[in-house]
Amino acid sequence: MRRITFQEALNEALMQEMERDSNVFVYGLDVTDHKRIFGSTKGLVERFGSERCFITPLSEDAMTGMGLGAAVNGLRPVHIHQRVDFLVLAMNQLLNMVSNYRYLSGGKVKVPMVIRAVVGRGWGQSAQHSKSLHSIFAHIPGLKVVLPTTPRDAKGLLISSIRDDNPVIFIEHRWLYFTSGEVPREPKPTPLEQGNILNTGEDITVVATSWMNVEALKAAEVLEKHGVSVEVVDPRTIAPLNDDLIIRSVKKTGHCIVADNDWVHCGFSGEIAARVAEKCFNELKSPVKRIGFAHAPCPTTRPLENKFYPNAIDIIRAVEEKLKLEPIDLSNEEFYSWENRFRGPF
Amino acid sequence: MKNSFFGVTKMDRTRLNIELYKKEYLIRKSEETIRKYYMDDEMKTPVHLSVGEEAIVSGVIQAMGKRDQVFGTYRNHGIYLAKTGETDKFFAELYGKKDGMGKGKAGSMHMFLPEENFMGSSAIVATVIPVAVGAAFANKYKKNKNLVFVFFGDGALEEGVFWESLNFACLKKLPIVFICEDNGLAIHAHIKDRQAFKSITDIVSKFGCNVFKSESTDAEVIYNLTVEAVKKQRRVNKPSFLHLKYYRYLEHVGVNQDFQYGYRSEEEFKKWFKVDPLKIQRRKLLKLGLIEKEIKELEKAIDEQVEKSVEFAKKSPFPGEEELLSDVYA
Ligand SMILES: Cc1ncc(C[n+]2csc(CCOP(=O)(O)OP(=O)(O)O)c2C)c(N)n1
Ligand SMILES: [Mg+2]
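Respectively, the protein sequence lines represent chains A and B.
Last residue of the first sequence? That's 346 in this note's numbering, and every number before it is there in order.
Last residue of the second sequence? That's 1330 in this note's numbering, and every number before it is there in order.
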């Protein structure tokens, strides 16, 4: 099958959905400038015109409410934020309006809207351009929260999110934009609320979100060479959460590590730990381990930033601890250094 | 009735004023009925009553086309009643019952009825304004001719999202009518202690919005003003902003008067009460040739409708437990 990048996959999903349904429109800061949201909105304004793809004033709050009103009136808005950190200006709309509009209407209205938010990292993004925040969104009843990892899912999940009749927060890790993989040419939706096993294994389960799946797969690859078989489960949709795959996997392996691309305290990783404890208590051979951002704002300087973000090595060390293995010598392993593909300034 | 502003016959005018009075009376009667029963503590929902603003909601909504849409705040009873004319779902909602338009989940502060084009209301100040702007965006996108009317208080003018929404609506020339119902108060805070600007209409006009203002408590005046605004809006393709003053008769939230607390004077109330919207309208109907008996009959019909609805609401069951988790997602 044809291989394309994550960024091209997003672009293709938008292109095909806008083609299919004239109610779909795309808006947000910078969506029509020469950078085109890291390429993901390329060609849209040329193809569909400025009525269906347009930039907005710097008014995240009102523009989110605007999307809600448009959705209630039958359109399917896709609102894009270069960074999820900008979306917090719209928390009022998300928490007070978007998430409960349908409920308060007694089920009469639908709110089909997608909010794409890019998650930053690297090149000194620091505290205000580096958060992920999916745990916060997932806390709110009425919102769906989706985090694609593979290019195939980037396309399939975006298609499903656009066709879904609920508000969907769609979180994209910027480093994933460069990854490539097999993606069907035709618009094939990936169902929401269904996880995906990225690597089948027997000894230990790693539940990972977004970029942390890439780290988990790297960890699995290294550990494989040492006879340890790691199952990597990507939940893909974290709200509402269908935990079937996770529970089945942990029942099989008896060990669970959650590698979340977010802070740990009160986070999604805690939710998984709780569910695993509730549903697999008898099968568990060790306590659930949570891995995530350090409990601090993200610092700018590289040495501290490197400590802030968890990586494959943290996962490997956690696996060794759980399975009571001697530490593997990693000096000959090559780990990701995506910094090189990522020469600033943004 | 709509668009009959120019060259109205007396017949038309009488009919219009009967309609306006019916709206006003339905609102006043419903609110008085809430006041009557509220202390029974069966309507367990905070209420922000529309008493005093009847002329504004009745006049503006009378001028709306059938397909036009409206949004409002927590002070939404007047909008609901004027727009829908129905009281069964209205009271059932206040009583938290299954037959309420929100199945008891919305309560007083969030009620709306999409099937009657009342598209949303919100208890977070100014928060409904961008949503109304989005609805207007959709109407323009779909190239239908529907207008959106959004009501909010003077307090909303201090929220950032009001300015964001106004800016976007004016930038995109959206088919929307902003209606600021200015009672000079945000809860107990006077406007002079909150706003640095003297004239909101001056500022808004700089956005390229058509501005209109009135202090009238005559629903017909408000109606005519709105018709004029809509005509101009359609002609020059710009949003409208209506700045309409009124006096809030009762406490901010709840069913009582509150002059004893000293933040405003009863004298002021008395001044406004001389031009009470219902008094004006009733007097006008007599002048237009209706006889007392006709008016009484019309009032009686509404009294009966409201009393029946209260009975209906009391008898309606509470929603079943399954409703707690239904409609969180579509
Ligand atoms: C964002 C927000 N801040 C504060 C409140 C508390 N509050 C409720 S009503 C109100 C006053 C609003 O005044 P105004 O907009 O003039 O409307 P009115 O009640 O006079 O109709 C306030 C401050 C709120 N609901 N939402
Ligand atoms: Mg006020």
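Glycine included, each C-beta is placed from N, C-alpha and C at the ideal position.
Keep in mind it's a predicted model, so treat the numbers as computed, not measured.
**Prompt:** Since residue 1173 of chain B and residue 1238 of chain B are thought to touch, with beta carbons under 8 Å apart, how far apart are those beta carbons, to the nearest angstrom?
**Reply:** 6 Å
Could one say the Cβ of residue 109 of chain A lies closer than 8 Å to chain B's Cβ atoms, at least one of them?
-> yes
Closest to residue 319 of chain A by CA distance: which of A/177, A/332, A/256 and A/236 is it? A/256
- request: Determine, using beta carbons only, whether residue 197 of chain A and residue 253 of chain A come nearer to each other than 8 Å.
  value: Cβ atoms of residue 197 of chain A and residue 253 of chain A: not closer than 8 Å.
Requested in this report: Count the other CB atoms, across all protein chains shown, that sit within 10 Å of the CB of residue 1128 of chain B; report buried if there are 16 or more and exposed otherwise.
Outcome: buried
Give me the residue from A/50, A/222, A/263 and A/285 with the minimum Cα distance to residue 331 of chain A. A/222
| query | Which first and last residues belong to the beta strand (DSSP E) in which residue 1167 of chain B is found? | reply | From DSSP, residue 1167 of chain B is part of no beta strand (DSSP E) but of the alpha helix (DSSP H) over 1160 to 1171.
Is residue 80 of chain A closer than 8 Å to residue 26 of chain A when the C-beta atoms are compared? yes
| Residues of chain B with a CB under 7 Å from the CB of residue 97 of chain A: which are they? | The contacting residues are 1122, 1127 and 1131.
Q.
In this structure, how does DSSP classify residue 1296 of chain B when only helix, strand and coil are distinguished?
A. Of the three classes helix, strand and coil, the one that applies to residue 1296 of chain B here is helix, per DSSP.
Item to complete: Please say whether residue 1077 of chain B and residue 1253 of chain B have beta carbons closer to each other than 8 Å?
Response: no
Assumed close pair residue 152 of chain A, residue 183 of chain A - CB separation to whole angstroms, cut-off 8 Å: With a Cβ gap of about 5 Å, residue 152 of chain A and residue 183 of chain A count as contacting.
Leaving out five residues on either side along the sequence, give the residues of the same chain with a beta carbon under 7 Å from the beta carbon of residue 1158 of chain B. 1194 and 1195
**Asked** When Cβ atoms are compared, which residues of the region 1100 to 1111 of chain B fall closer than 8 Å to chain A?
**Response** Under the 8 Å Cβ criterion, the region 1100 to 1111 of chain B contributes 1100, 1101, 1102, 1103, 1105, 1106 and 1110.
Practice item. Taking the CB atoms as reference points, tell me whether residue 236 of chain A and residue 194 of chain A lie closer together than 8 Å. Key: yes
> Between the region 87 to 96 of chain A and the region 40 to 49 of chain A, do three or more beta carbon pairs fall short of 8 Å?
Replying inline: no
**Item:** chain B contact residues for residue 174 of chain A, given Cβ-Cβ distances below 7 Å
**Value:** Within 7 Å Cβ-Cβ: nothing; residue 174 of chain A doesn't reach chain B, min ~27 Å.
(Q) Cutting at 7 Å between CB atoms, please list the residues of its own chain near residue 1050 of chain B, excluding the five before and the five after it. (A) 1027, 1031, 1057, 1075, 1077 and 1078
Who are the Cβ neighbours of residue 1103 of chain B in its own chain at under 7 Å, not counting the five residues just before and after it?
1319 and 1323
Neighbouring residues, chain A, relative to residue 1114 of chain B (Cβ below 7 Å) | 105, 108 and 109
- Query: Do residue 1153 of chain B and ligand 2 come close, with the Cβ less than 7 Å from some heavy atom?
  - Reply: yes
Exercise for the section: Kindly indicate the opening and closing residues of the beta strand (DSSP E) around residue 117 of chain A. Expected result: Start and end: 114 to 119.
**Study point:** Contacting positions in the region 71 to 90 of chain A - beta carbon closer than 7 Å to chain B
**Key:** 72, 73, 74 and 75
Applying the criterion that 16 or more other CB atoms from any shown protein chain within 10 Å of the CB defines a buried residue, is residue 1020 of chain B buried or exposed?
It counts as buried.
**Prompt:** Between the region 1162 to 1175 of chain B and chain A, which residues of the former have CB atoms less than 8 Å from a CB of the latter, in chain order?
**Reply:** 1164, 1165, 1167, 1168 and 1171
Could you check if residue 1183 of chain B belongs to the surroundings of ligand 1, using beta carbon to heavy atom distance under 7 Å?
yes
message: Looking only at its chain, what residues have a beta carbon closer than 7 Å to the beta carbon of residue 1332 of chain B, apart from the 5 residues adjacent to it on each side?
response: Any question about residue 1332 of chain B goes unanswered here, given that chain B covers just 1001 to 1330.
- Buried/exposed call for residue 19 of chain A, threshold 16 Cβ in 10 Å: exposed
Task: alpha helix (DSSP H) segment containing residue 1055 of chain B, residue limits - done: Start and end: 1054 to 1062.
Next item on the list: Examine chain A for any beta-carbon lying closer than 8 Å to the beta-carbon of residue 1134 of chain B, and answer yes or no.
Entry: yes
Buried or exposed by the 16-neighbour rule on C-beta atoms within 10 Å, applied to residue 1 of chain A: exposed
Would you say residue 1043 of chain B reaches chain A, if we count a Cβ-Cβ gap shorter than 8 Å as a contact? no
* Asked: Which residue's Cα is closest to the Cα of residue 1143 of chain B: A/57, A/23 and A/284?
  -> A/23
Which one or two residues does DSSP pair with residue 1020 of chain B in a beta bridge? DSSP output for residue 1020 of chain B lists no bridge partner at all.
- Item | Distance cut-off 7 Å: residue 1186 of chain B Cβ against heavy atoms of ligand 2 | yes
### Query
Using a C-beta to C-beta distance shorter than 9 Å, which residues of chain D count as neighbours of residue 93 of chain A?
Protein chains in the displayed structure are A and B, and chain D is not among them.
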